[in-house]
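Novice: Structure below; questions to follow.
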Amino acid sequence: MPTAQTPATAANTPKYVIITLLFLSVLVFAWGGNYTWVKLALQDSGPLTFNALRFLGATAIVGLCLVSLGRGRVLLPEPGERLLLGAIGFLQVALMTGLTSIAMLWIEASRTVLIAYSMPVWALLISIWLLGERTTPTAVAGGALGLLGLVLLTEPWTMTWDSGNAFLGSAIALIATIGWATGAVLYRTRRWRSSFWQQVFWQLAVAAVSVSLLAMIMERGTAFSPTPQYLAILLYNWIVPTSFGFWCWAQALSRISAASAGQFLLLSPVFGVFLSNLVLDEPLHSSLLISALFILVGAFLSFQRSAVPPQTNTPG
Numbered sequence: 001m002p003t004a005q006t007p008a009t010a011a012n013t014p015k016y017v018i019i020t021l022l023f024l025s026v027l028v029f030a031w032g033g034n035y036t037w038v039k040l041a042l043q044d045s046g047p048l049t050f051n052a053l054r055f056l057g058a059t060a061i062v063g064l065c066l067v068s069l070g071r072g073r074v075l076l077p078e079p080g081e082r083l084l085l086g087a088i089g090f091l092q093v094a095l096m097t098g099l100t101s102i103a104m105l106w107i108e109a110s111r112t113v114l115i116a117y118s119m120p121v122w123a124l125l126i127s128i129w130l131l132g133e134r135t136t137p138t139a140v141a142g143g144a145l146g147l148l149g150l151v152l153l154t155e156p157w158t159m160t161w162d163s164g165n166a167f168l169g170s171a172i173a174l175i176a177t178i179g180w181a182t183g184a185v186l187y188r189t190r191r192w193r194s195s196f197w198q199q200v201f202w203q204l205a206v207a208a209v210s211v212s213l214l215a216m217i218m219e220r221g222t223a224f225s226p227t228p229q230y231l232a233i234l235l236y237n238w239i240v241p242t243s244f245g246f247w248c249w250a251q252a253l254s255r256i257s258a259a260s261a262g263q264f265l266l267l268s269p270v271f272g273v274f275l276s277n278l279v280l281d282e283p284l285h286s287s288l289l290i291s292a293l294f295i296l297v298g299a300f301l302s303f304q305r306s307a308v309p310p311q312t313n314t315p316g
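Sequential numbering from 1 applies to the sequence shown in the UniProt record's numbering.
Structural data, given as structure tokens:
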């Protein structure tokens, strides 16, 4: 007679691993490819204004979907979970997008990407400190390979590091990255009773309010042209990278460690560079394929034995 699978054994089945990789792959394409579309959108508005509209629209869409599915009475997360989920949303959505947008006032996008995608390192350190998670030589090697691939992609040796602007912008981007890592690790500190869509709604709502206030302060008077292209990119961002993207991110974090999930997302800038070449005719780095190979191997090593038993969220 076959025995029932426990959550721990389910986490090691091929189906479980494939589904986890599917969530992360969606994020690579949705978030990595979004660099190109956002770059086009920023021709018509400031970055904070764009992100404020992005989060406001996504919050409205997720809320309307919950109401239409008959869950209007449970639009908010379960009592006792709202404060922590709000803090997580502020850290990994509002703080990350808001501060990286500000950082790019002083540093180039490639430097921002380099700092932002050092997230797995910070997630690993915070997980060891906060959750007592143990690491392995294989996981460390995977992280090192991933960072090496990121370095080859962004070529930091071509950047200027000794100016005041470079230091200030880099420090702001680093704070954003540590905030993202902290939010991801905090998410894994408990098993949530709220559904994934309730979690996404609440995190996006907190981010929408926070980034909107920041945009009103820092981008007052900035040119804003809601062109058809801008509106199309905004609509796409409401649905795919934001609403669906953060749902996939919550699903991934419920299955594997924040460091391993972040390690896989190192493929995002690789895909972003490739798509920018196709859409914007930006040049490809000669080291793109090599960096992608390092990141893929690093992600595979970090993914080993990183699955965790499924969290007991309400479906959805």
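Glycine residues also receive a C-beta, built at the ideal position from the N, C-alpha and C atoms.
The structure displayed is predicted, hence computed values, not measured ones.
Determine the direct distance from the alpha carbon of LEU124 to that of THR140, and round the result to whole angstroms.
Specialist: For the purposes of this step, residue 140 is taken as the residue at position 140 of the sequence shown. For the purposes of this step, residue 124 is taken as the residue at position 124 of the sequence shown. The question names Thr, but residue 140 is Val in the sequence shown. So the two alpha carbons sit approximately 9 angstroms from each other.
Novice: On the CB-based measure, 16 or more other CB atoms within 10 Å of its CB, does GLY46 come out buried or exposed?
Specialist: Taking the first residue of the sequence shown as position 1, residue 46 is located at position 46. Flag for GLY46 reads buried.
Novice: Measuring CB to CB, does residue 317 end up less than 7 angstroms from LEU145?
Specialist: Given a span of 1 to 316 for the chain in the structure shown, any question on residue 317 remains unanswerable.
Novice: What three-state label does DSSP hand ILE107 in the structure shown?
Specialist: Within the sequence shown, residue 107 is the residue found at index 107, counting from 1. Coil at ILE107, not helix or strand.
Novice: Tell me the rounded alpha-carbon separation between PRO14 and GLY262.
Specialist: Residue 14 sits at position 14 when you count from the first residue of the sequence shown. Residue 262 sits at position 262 when you count from the first residue of the sequence shown. Answer to the nearest angstrom: the Cα atoms are 21 angstroms apart.
Novice: Between TRP247 and ALA58, how many whole angstroms is the CB-CB distance? I'm expecting something under 8 angstroms.
Specialist: As a first step, residue 247 must be located in the sequence shown, where it is residue number 247. As a first step, residue 58 must be located in the sequence shown, where it is residue number 58. That belief does not hold up - the Cβ atoms of TRP247 and ALA58 are roughly 10 angstroms apart, past 8 angstroms.
Novice: Taking PHE196 as the reference, give the member of MET218, ILE175, THR222 and SER254 with the closest Cα.
Specialist: Numbered from 1 along the sequence shown, position 196 holds the residue referred to as residue 196. The shortest Cα separation from PHE196 among MET218, ILE175, THR222 and SER254 belongs to SER254.
Novice: CB-CB under 8 angstroms to LEU48, same chain, minus the five flanking residues each way: which ones, in chain order?
Specialist: Looking up residue 48 in the sequence shown gives position 48. Here the set comprises GLY98, SER101, ILE102, VAL211, LEU214, ALA215, MET218 and GLU219.
Novice: Check whether the Cβ atoms of SER257 and GLY142 lie closer than 7 angstroms to each other.
Specialist: Your numbering for residue 257 matches position 257 in the sequence shown. Your numbering for residue 142 matches position 142 in the sequence shown. Not in contact: SER257 and GLY142 (Cβ atoms no closer than 7 angstroms).
Novice: Would you say ILE115 and THR177 are within 7 angstroms of each other, going by their C-beta atoms?
Specialist: For the purposes of this step, residue 115 is taken as the residue at position 115 of the sequence shown. For the purposes of this step, residue 177 is taken as the residue at position 177 of the sequence shown. Yes; because the gap between Cβ atoms is below 7 angstroms, this pair is in contact.
Novice: Taking all protein chains shown into account, do 16 or more other C-beta atoms lie within 10 angstroms of the C-beta of LEU147, making it buried, or fewer, making it exposed?
Specialist: Against the sequence shown, residue 147 aligns to sequence position 147. Result: buried.
Novice: Measure the C-alpha to C-alpha separation of SER287 and GLN251 and round it to an integer number of angstroms.
Specialist: As a first step, residue 287 is located in the sequence shown; it is residue number 287 there, counting from the start. As a first step, residue 251 is located in the sequence shown; it is residue number 251 there, counting from the start. Roughly 32 angstroms separates the two Cα atoms.
Novice: Go through its chain and collect everything with a Cβ distance to ILE295's Cβ below 6 angstroms, but skip five positions before and after it.
Specialist: On the sequence shown, position 295 is the one that residue 295 refers to. Contacts found: GLY146, GLY149, LEU266 and LEU267.
Novice: Ordered along the chain, which non-local residues of its own chain (more than five positions away) have a Cβ less than 8 angstroms from that of LEU131?
Specialist: On the sequence shown, residue 131 is found 131 positions in, with the first residue counted as 1. Here the set comprises VAL185, ARG188 and THR189.
Novice: Which residue marks the beginning of the alpha helix (DSSP H) containing LEU213, and which one marks its end?
Specialist: Sequence index remark: in the sequence shown, residue 213 carries index 213 (1-based). Run containing LEU213: 196–218, per the alpha helix (DSSP H) assignment.
Novice: Hey, GLY89 and ALA207: beta-carbon distance below 7 angstroms or not?
Specialist: Against the sequence shown, residue 89 aligns to sequence position 89. Against the sequence shown, residue 207 aligns to sequence position 207. Against a cut-off of 7 angstroms, the Cβ pair of ALA207 and GLY89 comes out as a contact.
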